[in-house]
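K.L.:
Pasting in a structure now, in structure tokens, and then I'll have a few things to ask.
Number of protein chains: 2
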Amino acid sequence: MSLLVVGTTALDSIKTPWAENPRLLGGSASHAAVAASFFTRPHLVGAVGDDFPRKYINLYHRHGIDLQGLQQLSGQTFHWSGEYEVNMNNRRTLDTVLGVIENFSPTLSAAHTRLPYVLLANCAPDLQANVLDQMKRPKFVVADTMDLWLNIARPAVLKLLKRIDCFVLNDSEASQLVEEDNVVAAIPRIHKLGPKYVIVKKGEHGSVLSGPRGLFIAPAYPLKKVADPTGAGDSFVGGMMGYLASQKGSVEKNLRAGIVRGSVTASFCCEDFGLKKTTKVKNPDIAKRVRELTKMVNW
Amino acid sequence: MSLLVVGTTALDSIKTPWAENPRLLGGSASHAAVAASFFTRPHLVGAVGDDFPRKYINLYHRHGIDLQGLQQLSGQTFHWSGEYEVNMNNRRTLDTVLGVIENFSPTLSAAHTRLPYVLLANCAPDLQANVLDQMKRPKFVVADTMDLWLNIARPAVLKLLKRIDCFVLNDSEASQLVEEDNVVAAIPRIHKLGPKYVIVKKGEHGSVLSGPRGLFIAPAYPLKKVADPTGAGDSFVGGMMGYLASQKGSVEKNLRAGIVRGSVTASFCCEDFGLKKTTKVKNPDIAKRVRELTKMVNW
Numbered sequence: 001m002s003l004l005v006v007g008t009t010a011l012d013s014i015k016t017p018w019a020e021n022p023r024l025l026g027g028s029a030s031h032a033a034v035a036a037s038f039f040t041r042p043h044l045v046g047a048v049g050d051d052f053p054r055k056y057i058n059l060y061h062r063h064g065i066d067l068q069g070l071q072q073l074s075g076q077t078f079h080w081s082g083e084y085e086v087n088m089n090n091r092r093t094l095d096t097v098l099g100v101i102e103n104f105s106p107t108l109s110a111a112h113t114r115l116p117y118v119l120l121a122n123c124a125p126d127l128q129a130n131v132l133d134q135m136k137r138p139k140f141v142v143a144d145t146m147d148l149w150l151n152i153a154r155p156a157v158l159k160l161l162k163r164i165d166c167f168v169l170n171d172s173e174a175s176q177l178v179e180e181d182n183v184v185a186a187i188p189r190i191h192k193l194g195p196k197y198v199i200v201k202k203g204e205h206g207s208v209l210s211g212p213r214g215l216f217i218a219p220a221y222p223l224k225k226v227a228d229p230t231g232a233g234d235s236f237v238g239g240m241m242g243y244l245a246s247q248k249g250s251v252e253k254n255l256r257a258g259i260v261r262g263s264v265t266a267s268f269c270c271e272d273f274g275l276k277k278t279t280k281v282k283n284p285d286i287a288k289r290v291r292e293l294t295k296m297v298n299w
Numbered sequence: 300m301s302l303l304v305v306g307t308t309a310l311d312s313i314k315t316p317w318a319e320n321p322r323l324l325g326g327s328a329s330h331a332a333v334a335a336s337f338f339t340r341p342h343l344v345g346a347v348g349d350d351f352p353r354k355y356i357n358l359y360h361r362h363g364i365d366l367q368g369l370q371q372l373s374g375q376t377f378h379w380s381g382e383y384e385v386n387m388n389n390r391r392t393l394d395t396v397l398g399v400i401e402n403f404s405p406t407l408s409a410a411h412t413r414l415p416y417v418l419l420a421n422c423a424p425d426l427q428a429n430v431l432d433q434m435k436r437p438k439f440v441v442a443d444t445m446d447l448w449l450n451i452a453r454p455a456v457l458k459l460l461k462r463i464d465c466f467v468l469n470d471s472e473a474s475q476l477v478e479e480d481n482v483v484a485a486i487p488r489i490h491k492l493g494p495k496y497v498i499v500k501k502g503e504h505g506s507v508l509s510g511p512r513g514l515f516i517a518p519a520y521p522l523k524k525v526a527d528p529t530g531a532g533d534s535f536v537g538g539m540m541g542y543l544a545s546q547k548g549s550v551e552k553n554l555r556a557g558i559v560r561g562s563v564t565a566s567f568c569c570e571d572f573g574l575k576k577t578t579k580v581k582n583p584d585i586a587k588r589v590r591e592l593t594k595m596v597n598w
């Protein structure tokens, strides 16, 4: 079984109090697809400009990511530039150039429309809906989002929520969406908007899944140093969906284990800028952290 | 086996954006002893003034708390008055009257000095040390603290840390103590100050234990509404120590399960002002939440 990933393929220029890294490979689909690639073959749908470095195409290839759905269009690649403060919880967008992503409207190949697992990684909800329109009876559809879309495209997000199985968002976005600061109280209100499963990401504090089996409180893998949290949420949902796509049996049965894999891929993502650390990771590294986390929550 | 609890026995006047409750039973030793009483017989060491309401003495009795070590002195009971903001994470002290606690210097009974489990609940580190000086070969000594003591009595806290088995503090206090914002990085530095076990409380995000078996990531019991978090940390450590004192076998073996009991007693504490909810709880309520939490972390 396999996984379709649609989202942004970007160049990220990231500043922290300690370092500055220009034009790294970034974007929600890049982080998600690389994280998913440890478990399954991801099929990436996205657009890059003619400035997109060849070395990043090679990187996708090295991770076994199918690029049939990656269009190289005339113009600039989506470019995000941001700055983190000392505690890494606050970030500021310095500049955004949408470039070729602005009017990107993909037409999926017949093979892609039949993929069972669909990850609508963070991008404009109209683009997410466009891809979902083309899918034929997917088994499990997950959407991620960000505060920007809740601000400028709320109706489109609400419409999408009625069509997906699982919605992934962070705690401040959950508060923003349903105007409720308490995550536990916000979750039932999000379910009422459509999705059977809701996952609230809480950064270093882990995540909470809500679904038919009740709540699942998932730990984050504890890190002594976070170099750059950009893409951690995408890496989380990518790892989770890659794992799900690789497993037999019901989503219900595998989702918790998938979230733990997502926690682990996200932890690697945080340990260096962009995809620098994640692309050095091997499967035994992931298995080791999964074992460690399993021990850390057992009583 | 049984538990000695020393700390403050106070009257708390608590304001939240929704309600105001004057002169409730409060103080670290009150919250800790009531939480511990679900598992073992706590022996309370503390001081109250002649204004201390008889009904609170009765409350201690109803919970089977031994009051041989509770002195009623001439003067005012320790009184704390504080206010919470909307999100309940920020609180402001409006007024503090130390009263009889200011010069309290207990002399323990011979029976008390031989108790195996010792909880030095949050109070002046000199008072904690005074009690510890009198103990004969305790099996397990835990100390809690608060930001105030790290500010005004840091040398006394540091001295105490060399004499205890386990130190419990919240995440902001951990940062303050070792000047490190990252909890995972702060923990080894706290171990270097003395304690074999370190527990960092993170409120709604649960807690982290560090000890010879590595890290344990413990969940908080998820609550839709927090009425008043005052005393939750005391209730946490009280529940934990009560459970430990009730169990056979090594502390190492029982500590994780104890922390889960502490999470549960703390969750009840948060659901109403002061001890209002905790004093209505029965053992099956605690067992139910422990079962629920067990399911919520299982994958």
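So the protein lines, in turn, are chains R and X.
Counted from 1, the first sequence has number 199 at position 199 by the numbering used here; the numbering is strictly sequential.
Counted from 1, the second sequence has number 444 at position 145 by the numbering used here; the numbering is strictly sequential.
Beta carbons are placed, not taken as given, at the ideal position from N, Cα and C, and that holds for glycine.
Fair warning: this is a prediction, and the values are worked out from it, not measured in the lab.
Are the CB atoms of leucine 73/R and valine 100/R nearer to each other than 8 Å?
P.N.:
yes
K.L.:
Going by the beta-carbon positions, is the gap between alanine 420/X and alanine 331/X smaller than 8 Å?
P.N.:
Yes, these two residues count as a Cβ contact at 8 Å.
K.L.:
Could you pull out every residue in the same chain whose Cβ sits closer than 6 Å to the Cβ of leucine 407/X, ignoring the five residues on either side in sequence?
P.N.:
Gln433
K.L.:
DSSP state of asparagine 450/X, grouped into three classes?
P.N.:
Of the three classes helix, strand and coil, the one that applies to asparagine 450/X here is helix, per DSSP.
K.L.:
Near proline 494/X, what residues of its chain come up, given a Cβ to Cβ distance below 7 Å and the 5 sequence neighbours on each side ignored?
P.N.:
Around proline 494/X: Leu460, Ile463, Asp464, Cys465 and Phe466.
K.L.:
On the premise that valine 385/X lies in contact with glycine 345/X, defined as a C-beta separation below 8 Å, what is that separation, rounded to the nearest angstrom?
P.N.:
The Cβ separation is near 33 Å, so there is no contact.
K.L.:
Going by C-alpha distance, which of Leu132/R, Asn58/R and Ala185/R is nearest glutamate 503/X?
P.N.:
Out of Leu132/R, Asn58/R and Ala185/R, Ala185/R has the C-alpha closest to the C-alpha of glutamate 503/X.
K.L.:
When the Cα atoms are used, what is the spatial distance from asparagine 388/X to isoleucine 451/X?
P.N.:
Between the alpha carbons of asparagine 388/X and isoleucine 451/X lies a gap of roughly 22 Å.
K.L.:
Which residue comes first and which comes last in the beta strand (DSSP E) that contains threonine 529/X?
P.N.:
Element bounds for threonine 529/X: n/a, residue is neither H nor E.
K.L.:
Measure from the C-beta of lysine 224/R to each C-beta in chain X and report whether the shortest distance is under 8 Å.
P.N.:
yes
K.L.:
Going by C-alpha distance, which of Asp470/X, Ser312/X and Tyr359/X is nearest threonine 578/X?
P.N.:
Tyr359/X
K.L.:
Alpha carbon to alpha carbon, how far is methionine 240/R from aspartate 443/X? Give it in angstroms, no decimals.
P.N.:
38 Å
K.L.:
What residues of chain X sit near phenylalanine 216/R, judged by a beta carbon separation below 9 Å?
P.N.:
Lys594, Met595, Val596, Asn597 and Trp598
K.L.:
What are the complete alpha helix (DSSP H) segments, minimum 4 residues, inside the segment 435-492 of chain X?
P.N.:
446-451, 453-460, 470-477 and 482-491
K.L.:
Put phenylalanine 46/R into one of helix, strand or coil per three-state DSSP.
P.N.:
What sits at residue 46/R in the sequence shown is glycine, not phenylalanine. Of the three classes helix, strand and coil, the one that applies to glycine 46/R here is strand, per DSSP.
K.L.:
Do proline 219/R and valine 297/R count as a contact pair if the criterion is CB distance below 8 Å?
P.N.:
yes
K.L.:
Nearest chain R C-beta to arginine 555/X closer than 8 Å, yes or no?
P.N.:
yes
K.L.:
With C-beta atoms as the reference, is leucine 343/X less than 8 Å away from aspartate 311/X?
P.N.:
no
K.L.:
Verify whether the separation of the beta carbon atoms of valine 200/R and valine 183/R is less than 8 Å.
P.N.:
Contact: yes.
K.L.:
Quick one: does lysine 491/X have its CB under 8 Å from some CB of chain R?
P.N.:
Chain R contact via Cβ: absent.
K.L.:
Could you check where the beta strand (DSSP E) with glutamate 20/R kicks off and where it finishes?
P.N.:
In this chain, the beta strand (DSSP E) harbouring glutamate 20/R covers 20-26.
K.L.:
In angstroms with no decimal places, state the Cα-to-Cα distance between arginine 361/X and threonine 339/X.
P.N.:
13 Å
K.L.:
When we look at the beta-carbon of serine 263/R and count the other beta-carbons within 10 Å, is it buried (16 or more) or exposed?
P.N.:
buried
K.L.:
Using DSSP with H/G/I as helix, E/B as strand and the rest coil, what is leucine 431/X?
P.N.:
helix
K.L.:
Under three-state DSSP, which class holds histidine 411/X?
P.N.:
DSSP places histidine 411/X in helix when its eight states are reduced to three.
K.L.:
Whose C-alpha, out of Ala36/R, Thr8/R and Lys15/R, is nearest the C-alpha of lysine 282/R?
P.N.:
Distances from the alpha-carbon of lysine 282/R to those of Ala36/R, Thr8/R and Lys15/R put Ala36/R closest.
K.L.:
Give the single residue among Thr77/R, Asn130/R and Gly211/R whose Cα lies nearest to the Cα of aspartate 113/R.
P.N.:
The question names aspartate, but residue 113/R in the sequence shown is threonine. Answer by Cα proximity: Asn130/R.
K.L.:
Within 8 Å (strictly less), CB to CB, does asparagine 386/X reach chain R?
P.N.:
yes
K.L.:
Leaving out five residues before and five after arginine 91/R in sequence, what residues of the same chain have Cβ atoms less than 6 Å from its Cβ?
P.N.:
Gly82 and Tyr84
K.L.:
Tell me whether the beta-carbon of proline 511/X lies closer than 8 Å to the beta-carbon of glutamate 478/X.
P.N.:
no
K.L.:
Which residues bound the beta strand (DSSP E) around leucine 70/R?
P.N.:
66-72
K.L.:
Just to make sure I have the definition right: I need the residues of chain R whose C-beta is within less than 8 Å of the C-beta of lysine 501/X. Which are they?
P.N.:
His205
K.L.:
Just tell me which of Asp272/R, Ala257/R and Ala29/R has its CA closest to the CA of alanine 287/R.
P.N.:
Ala257/R
K.L.:
For chain B, find out if any of its Cβ atoms is closer than 8 Å to the Cβ of valine 198/R; answer yes or no.
P.N.:
The chain inventory of the structure shown lacks chain B, comprising the protein chains R and X.
K.L.:
Of all Cβ atoms in chain X, is any one closer than 8 Å to the Cβ of aspartate 147/R?
P.N.:
no
K.L.:
Mind checking which residues open and close the beta strand (DSSP E) that includes glutamate 85/R?
P.N.:
That residue, glutamate 85/R, is in no beta strand (DSSP E); it is neither H nor E in DSSP.
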